[in-house]
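Notes follow once the structure below has been shown.
Residue numbers (the numbering used here): 13 to 131.
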């Protein structure tokens with residue numbers, strides 16, 4: 013799954029030590045690649061993947077302009093037995109993303125306090 017996010021900085025609520033925290037489920041996702049503004053990020057240097065959390069330091073993102081984050085993950089809907097995220101039921105592929113199922117499809121700020129616009 014390829015996910016493209018446009019991240020708009022909130023200048024009034026940002027500190028140098030802050031990170032963009034994306035939620036995923038480690039048992040459902042395998043991170044293949046991650047790019048920020050067309051630059052391939054390196055694990056341990058540019059981001060931290062720990063358990064179900066992917067953290068990217070805010071200092072890597074622009075202060076005055078939106079940043080483009082592209083992640084690619086591998087998932088196996090045939091092995092997903094939680095009936096959440098993307099799963100296979102019989103011959104049909106299904107999705108269930110409420111309330112937090114989207115994190116079984118890709119890394120995303122999948123929290124109720126997050127406001128997002130989908131295109």
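Glycine is no exception: its CB is placed at the ideal position from the N, C-alpha and C atoms.
- Per DSSP, the continuous beta strand (DSSP E) segment holding residue 104 begins and ends at 104 to 108.
- Of all alpha-carbon atoms in 53, 76, 74, the one lying nearest the alpha-carbon of residue 66 is that of 53.
- Residue 64 is positioned such that its CB atom lies no closer than 8 angstroms to that of residue 97.
- By the neighbour-count criterion, in which a residue is buried when 16 or more other Cβ atoms sit within 10 angstroms of its Cβ, residue 85 is buried.
- Within the same chain, 100 come within 7 angstroms of residue 90 by CB-CB distance, once the 5 residues on both sides are set aside.
- Within the model, the alpha-carbon separation for residue 72 versus residue 18 is close to 14 angstroms.
- Cα atoms of residue 110 and residue 56: separation of roughly 31 angstroms, rounded to the nearest angstrom.
- For residue 86, the enclosing beta strand (DSSP E) starts and ends at 79 to 86.
- If you compare the alpha carbons of 80, 77, 106 with that of residue 88, the shortest gap goes to 106.
- CA-to-CA, the gap between residue 44 and residue 83 works out to about 8 angstroms.
- The three-state reading of DSSP puts residue 113 in helix, counting H, G and I together.
- Within the DSSP bridge table, the entry for residue 33 names 67 as partners.
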